[in-house]
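Chemist: The structure follows.
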Amino acid sequence: MSAAATESASSPAWRLWVGPLIWAAHFLAIYAFTALSCARNVATVGWLGVGSVTLFIVAATLAAAAALLVTIGLAIRDGIRARTSPAPTAFVHWLTAAIGSLVLLAVVWETLPVLVLPVCG
Amino acid sequence: MTATSPPSPTSLPSPLPRPADELARLEAAWTPPTGWKLLTAVNNTYIGIFYIATAFVFFIAAGILALLMRIQLAVPENTFLDQGTYNQMFTMHGTVMMFLFAVPVVEAIGVLLLPNMLGARDLPFPRLSAYAFWAYLIGGVVFFGSLFFGNAPDGGWFMNPPLTSYRYSPGANADWWLLGIGFIEISAIAGAIEIIVGILRTRAPGMSLDKLPIYAWAMLVFAFMIVFAFPAVILATMLLELERAFHWPFFIAELGGDALLWQHLFWFFGHPEVYIIFLPAAGMVSLIVPTMAQTPLVAYRLIVLALAGTGLLSFGLWVHHMFATGIPPLSLSFFAAASMAVTIPSGIQFFAWIATMATGRVQLKTPALFVLGFLAVFLIGGLTGVMVAVVPFDWQAHDTYFIVAHLHYVLFGGMVFPLFAAFYYWTPFLSRQQLSERLGRWAFGLIFVGFNVAFFPMHITGLAGMPRRVYTYSAGLGWDSLNLVSTVGAFLIAAGVAVFLVDVARNFRLDVTNNAGNVWRAGTLEWLPTGNYSVRSIPLITSREPLWDQPGLAADVEAGRYYLPGTATGRRETLLTSALDAKPQYLLQLPGPGWTPFFAAAGTAAFFLLLTVKLVVPALIGGVVAIVMMLWWMWGSDPGPNHAPVDIGGGITVPVYVTGPASHSWWAMVTLLLVSGMLFGSLVFSYLYLWTVSPRVWPAGGAGIPAPVYPLLAAALLALSSAAIAYASRALRTTVGTGHRGHTMVRISLLAALPLLVAALGVELYGQWQAGLRPTASSYGAVVYMLSALQGQFVLVLLIMGGYTLARSWCGLLDGQRRATFDNTMLLWHYAVAQGLVALLLVHGFPRTFG
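From first to last, the protein sequence lines are chains A and B. According to the working numbering, the first sequence is numbered sequentially starting from 2. According to the working numbering, the second sequence is numbered sequentially starting from -11.
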């Protein structure tokens, strides 16, 4: 029983959640920051002529992208190492990297509008 | 394909000949109830069929409402229906189709198919499925019945306040929606937990995650989406009902509320809901297409990615239903971008299906026709979806018939066509004979042509300016003939459905044991020879299409040559395996037929429905009945190690009882904690949202906030109660049997922990009250008291669970080994304490920091 419990806790399957969580945190952060800045009329405050919302979103995206790249990189590395282990382990590493890549694309897409659109209208 | 070499016939786990009485004992354990005792059935086959039939009845009922509306709209200035009735009808059509048909039917098909497809004997919580079904049936029928009393909801299926709040909807109409649908959602969550644990833990040995049928992947994502999406709408219904019943102003602008909060919460559920309906249908298509083309599905891994990606990104789309509400343009663009991103996984699935069909030779049987219809119709819906994801276009099309066309192309195309494909495809699994190919082609032709005749013109009607939800229109606006055509189309759909019903009446003969069998030459496990016990022996899987790649599998399974060829304990049982690689872990003893799920469901339904008509005392009696029935049903469900470990064949011996993180009940409880966390998270979002919108009603400079001593005392009491439970857990670990002195410590700790939890809540409420805060005064007051109200619900549940755990301890049913009951209570306890601490931090820390 304890062996089964240990297997559950250390399973690479848990890593499938990392990409989704980073995406959700990024999405929530940029949405909340924009909404609050517009509601409180503080969206114009900035640094070096760049608005605070733009700065925040770009920073959040860089952080999220870095975390995702690490997740994808680790999954690819472990996937290669797992080539000799049972198929499910390699599959889970592949899926972790694939989901990470999809959400990385989503994170980048969700950031692009800040470069072209007015923030609060 | 990932087939490795299958086991050779000589090395199969259970040698022949099998003992003479083995099959008879298995059949005896799984004998279904008959006659009126069918109400006590809990087996997935029965519950699944009841469930699908009920959902289909609601489909027809809501379809009839659609026909009545189409009659009204056939000609301008029609007087067939008056405005009030029409309002009720479009509200009920949408609500019933979404909540009483679409979600239940896909869940029902999962309940029916999954155990067989996974090589399990049943789902891990059969009585939970039965409870979910009966609650849904009773609740749904009563809810629909409100229409016959002119008392049905009439505020649109998404029930936007302020229209639906007490000022503009004073009658009980909206309450039917809030309480009726609110509790049917509980049934959906119960089903989702069942499906998650079922898919992750009851698969046949060898069916590792990379060999899971795509349909099971789809259902897994579907169930997680319910877990994450439904709590938001449950919270929304609670808030609106509290506003209606007790005037807590969550959505009233003058008092700091905001009607848009409802829309955020509703669509945080509502958009994933679209994919909650679509993904199971896509999963079915991913099984039907390979069978029809007689070739494995192309790009299995990418489809798994697509299912997970769709499920995930669908949570970033909710505001695209709110483009016309005045949200800042940059915020809108996040959702437009996420809407574009979700087209990628949808596209992956599409191309994979097309590639699979191109790889094999598609037999154009009825299921394949419905799949092709799905591809065409859903594609159009997807393309108009991309159009309305473009913000400026959406501003033009918003609230017009263009949206009605789009959503029907997506939902009818994405879900109803695959559903009919599934009916034709899986009937031989359930019935002695398959449905008629000739009638099937007629049904498909009528539905496909009728659908496009009905809904394609609506794109144009919408672009010509016809708004949604109008009960009539003036002649000469350019909408007349388009509407007439749509009405003709609607009746063609109805004719197609009628042909299908005739086909069912003529050819469907329910018989799982002597079913028509694998007429399509499919590759997945549900086509193995089956009985009420599912498969005779549980196969070892080495391929994604075992019936194609493992020769002789069906015969060997039926002969009992694989694992667990009979009943090891004499009871119903199923094999629990590890989540990733499906290695046998233990044998789960399952319950047989019983009355408790039925009466628990009836009691739950009575509680919610009688509350709607303000019969408070009878409602409370219903609630008590429900709780008593649930406790009664739980009493026998933690049997402890009541049987020696059993040999399941192949030299594998597994225990019949486990506790801790490996146990199925632990997994179910953790899933429930995810639901709870989402519910609480939605409330925290509501708090912060209301503060963003209305800082003026928040206390400034710390004035009006209770003194720090109150939250500090409440936090200390919470922490102490958790510590007491942790101590009880340690004390329990050492106990064996009944006479051990550790039992006393467990009981004392539990008895101490209960009042500490109640006292923490009391201190918080007292602090707020004596500081002068009232829930009716402002949205701030309402949301602060709501945080306590939610905590109060957990405290109430823990009082019951704590009392129940104590009762089991006194009765000698709890010790160091037999502790699943305690573990479940402990998990929820620690969660509730953590939630309470976060709530205290928010309520007291936030206004002090940002006020």
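In this text, a Cβ means the ideal position worked out from N, Cα and C, and glycines have one as well.
Is the stretch 172 to 190 of chain B touching the stretch 502 to 511 of chain B, taking contact as three or more C-beta pairs under 8 Å?
Modeler: Too few Cβ pairs lie closer than 8 Å, so no.
Chemist: Taking the C-alpha atoms as reference points, what is the distance between histidine 259 of chain B and tryptophan 306 of chain B?
Modeler: For histidine 259 of chain B and tryptophan 306 of chain B, the distance between alpha carbons rounds to 5 Å.
Chemist: Among the candidates B:Val84, B:Asp110 and B:Ser(-1), whose CA atom is the shortest distance from the CA of threonine 33 of chain B?
Modeler: Of B:Val84, B:Asp110 and B:Ser(-1), the residue nearest in Cα terms is B:Asp110.
Chemist: Using alpha carbons as the reference points, say which of A:Phe92, A:Ile73, A:Ala26 and A:Phe57 lies closest to leucine 568 of chain B.
Modeler: Measuring from the Cα of leucine 568 of chain B, the nearest candidate turns out to be A:Phe92.
Chemist: Return the chain-ordered ranges of every alpha helix (DSSP H) run that is complete within the stretch 504 to 574 of chain B and spans a minimum of 4 residues.
Modeler: Counting whole runs of 4 or more residues, the stretch 504 to 574 of chain B contains the alpha helix (DSSP H) stretches 534 to 537 and 541 to 547.
Chemist: Got a sec: which bits of the stretch 306 to 337 of chain B sit with their beta carbon under 9 Å from any beta carbon on chain A, in order along the chain?
Modeler: Answer set for the stretch 306 to 337 of chain B: Val307, Gly314, Ile315, Pro316, Pro317, Leu318, Ser319, Leu320, Ser321, Phe322, Phe323, Ala324, Ala325, Ala326, Met328, Ala329, Val330, Ile332 and Pro333.
Chemist: Alpha carbons only, please: which of B:Ile177, B:Gln421, B:Pro579 and B:Pro445 is nearest the one belonging to threonine 501 of chain B?
Modeler: Out of B:Ile177, B:Gln421, B:Pro579 and B:Pro445, B:Gln421 has the C-alpha closest to the C-alpha of threonine 501 of chain B.
Chemist: For the alpha helix (DSSP H) that isoleucine 172 of chain B lies in, which residues bound it at each end?
Modeler: Element bounds for isoleucine 172 of chain B: 170 to 189.
Chemist: Using a Cβ-Cβ cut-off of 8 Å, state whether valine 104 of chain A counts as contacting chain B.
Modeler: True, the Cβ-Cβ gap to chain B drops below 8 Å.
Chemist: Quick check on the burial criterion: 16 or more other C-beta atoms within 10 angstroms. Buried or exposed for glycine 540 of chain B?
Modeler: It is exposed - the Cβ of glycine 540 of chain B has fewer than 16 other Cβ atoms within 10 Å.
Chemist: Rounded to whole angstroms, what's the CA-CA distance from glycine 760 of chain B to alanine 691 of chain B? Just pull it up for me.
Modeler: Rounded to the nearest angstrom, the two C-alpha atoms are 11 Å apart.
Chemist: Answer yes or no: does any C-beta atom of chain A fall closer than 8 Å to that of threonine 641 of chain B?
Modeler: No - not a single Cβ of chain A is within 8 Å of the one on threonine 641 of chain B.
Chemist: With distances taken Cα to Cα, identify the nearest neighbour of valine 616 of chain B among B:Ile640, B:Gly628, B:Ala590 and B:Leu535.
Modeler: With distances taken between Cα atoms, valine 616 of chain B lies closest to B:Ala590.
Chemist: Does any residue of chain A bring its CB to less than 8 Å from the CB of glycine 297 of chain B?
Modeler: Answer yes: the Cβ-Cβ gap between glycine 297 of chain B and chain A drops below 8 Å somewhere.
Chemist: What in chain A is Cβ-close to threonine 680 of chain B, meaning under 9 Å?
Modeler: Within chain A, the residues near threonine 680 of chain B are Ala33, Ala36, Leu37, Ala40 and Arg41.
Chemist: Where does methionine -11 of chain B sit, in a helix, a strand or coil, going by DSSP?
Modeler: Confidence in methionine -11 of chain B is poor, its pLDDT being 36 and thus under 50, which makes the residue's placement unreliable; the coordinate value appears in the next sentence. Methionine -11 of chain B falls in the coil class under three-state DSSP.
Chemist: Does any CB atom of chain A fall closer than 8 Å to the CB of alanine 16 of chain B?
Modeler: So, not an interface residue.
Chemist: Can you check which of these residues, A:Val115, A:Trp95, A:Cys121 and A:Thr90, is closest to methionine 195 of chain B by C-alpha distance?
Modeler: Residue A:Thr90 is the option with its Cα nearest to methionine 195 of chain B.
Chemist: From the DSSP output, which residues share a beta bridge with valine 209 of chain B?
Modeler: Answer is none; valine 209 of chain B lacks a bridge partner.
Chemist: For valine 295 of chain B, which of B:Thr313, B:Met272 and B:Tyr119 has the nearest alpha-carbon?
Modeler: The question names valine, but residue 295 of chain B is leucine in the sequence shown. Per the Cα distances, B:Met272.
Chemist: Check whether the stretch 35 to 52 of chain B and the stretch 87 to 97 of chain B are in contact - that is, three or more C-beta pairs closer than 8 Å.
Modeler: Taking 8 Å as the limit for Cβ pairs, the verdict is that the stretch 87 to 97 of chain B does touch the stretch 35 to 52 of chain B.
Chemist: Within 8 Å (strictly less), CB to CB, does phenylalanine 57 of chain A reach chain B?
Modeler: It does not: the Cβ of phenylalanine 57 of chain A has no partner Cβ on chain B nearer than 8 Å.
Chemist: Quick one: is alanine 88 of chain A near chain B, going by C-beta distance under 8 Å?
Modeler: Yes, its Cβ sits closer than 8 Å to a Cβ of chain B.
Chemist: Would the beta-carbon of arginine 58 of chain B fall within 8 Å of that of serine 462 of chain B?
Modeler: Contact: no.
Chemist: Name the residue from B:Asn520, B:Asp142, B:Ile713 and B:Leu738 whose alpha carbon lies nearest to the alpha carbon of leucine 11 of chain B.
Modeler: Looking at the Cα atoms, B:Asn520 is the closest of the given residues.
Chemist: Any Cβ of chain A within less than 8 Å of the Cβ of glycine 373 of chain B?
Modeler: Not closer than 8 Å to any Cβ of chain A, the Cβ of glycine 373 of chain B fails to qualify, so no.
Chemist: When the cut-off is 8 Å and only beta carbons count, does arginine 191 of chain B lie next to chain A?
Modeler: For arginine 191 of chain B, the answer is no, since every Cβ of chain A falls outside 8 Å of its Cβ.
Chemist: Between which two residues does the beta strand (DSSP E) holding isoleucine 52 of chain B run?
Modeler: It is not in any beta strand (DSSP E) - isoleucine 52 of chain B instead sits in the alpha helix (DSSP H) that spans 32 to 62.
Chemist: Return the first residue and the last residue of the beta strand (DSSP E) that valine 634 of chain B is part of.
Modeler: 634 to 637 is the span of the beta strand (DSSP E), which, as asked, contains valine 634 of chain B.
Chemist: Taking one C-beta from the stretch 659 to 669 of chain B and one from the stretch 735 to 753 of chain B each time, how about it: are there three or more such pairs within less than 8 Å?
Modeler: No: the two stretches stay apart, fewer than three of their Cβ pairs being nearer than 8 Å.
Chemist: Just checking: is the beta-carbon of aspartate 198 of chain B within a distance shorter than 8 Å of some beta-carbon in chain A?
Modeler: Yes, contact with chain A.
Chemist: Counting contacts by CB-CB distance shorter than 8 Å, is valine 262 of chain B in contact with chain A?
Modeler: No, valine 262 of chain B lies away from the interface with chain A (no Cβ there is under 8 Å from its Cβ).
Chemist: Suppose the cutoff is 7 Å on Cβ atoms and the five residues either side in sequence are ignored; what does the same chain contact list for lysine 571 of chain B look like?
Modeler: For lysine 571 of chain B, where only same-chain residues beyond five positions count, the Cβ hits under 7 Å are Pro193 and Thr565.
Chemist: For a contact defined as C-beta to C-beta under 9 Å, what are the partners of arginine 289 of chain B on chain A?
Modeler: Here the neighbours are Phe92, Trp95, Leu96 and Ala99.
Chemist: For threonine 118 of chain B, which residues in the same chain have their Cβ closer than 6 Å to its Cβ, ignoring the five residues on either side in sequence?
Modeler: The sequence given here has alanine at residue 118 of chain B, not threonine. Excluding positions up to five away in sequence, the list reads Val30, Ile35 and Pro585.
Chemist: Since threonine 641 of chain B is in the beta strand (DSSP E), which residue starts that stretch and which ends it?
Modeler: Segment 640 to 642, the beta strand (DSSP E) holding threonine 641 of chain B.
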